[in-house]
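Under the working numbering, residues 79 to 226 are what the sequence shown spells out, in order. Where is the CB? At the ideal position from N, CA and C, for every residue including glycine. Worksheet: one structure, shown below.
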Amino acid sequence: MIIYDLKCTDGHRFEAVVASMFDDLPPCSDCGASTRKIPAAVGLSGSASAGPSREQMPNTWSGINRGDRETVRGWHQAMTKREKLEEKYPELAGDRRPVLAHEGAFADAPLRAGDPLAATVAEATFRPAGTATTASKTTQQHRKEDKK
């Protein structure tokens, strides 16, 4: 049995129980006019959260309320959920900056420690459309200058 929200040609709205989605829709219960299905209200509940990251986890005795069992248990449960989430979605684990330093504009010449980050990122981000990737060229130029 399926419950449909229906509306007749005269504007009356009502619910009707139909045995199958292939059955004909019943006429309006008020005026007998033909009916059509109308979208039902969508019911969304709950929320999604990745939970606290490892950096947000307390790392001091006072941070866990002086070893309070409920506080420790709560953090343990939160971190267990976070670990399971990171196993399923590894991109959520840890700092993304090392990965991002080897993607996109920096795929040809990955960033390394000591590279001039601000200038390189600015050039890669604000280059005119249709021009070659300047981030890798700039990074390579700085590396050549450093070797001198």
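- Gly129 has its alpha-carbon roughly 35 Å from the corresponding atom of Glu201.
- Under the three-state reduction of DSSP, Phe92 is assigned to strand.
- Bridge partners of Arg114 according to DSSP: Lys85.
- When rounded, the separation of the alpha-carbon atoms in Lys85 and Glu93 is 9 Å.
- In terms of Cα proximity to Met79, the closest of Asn137, Ser123 and Ser98 is Ser98.
- By the C-beta density criterion, Ala197 is exposed, having fewer than 16 other C-beta atoms within 10 angstroms.
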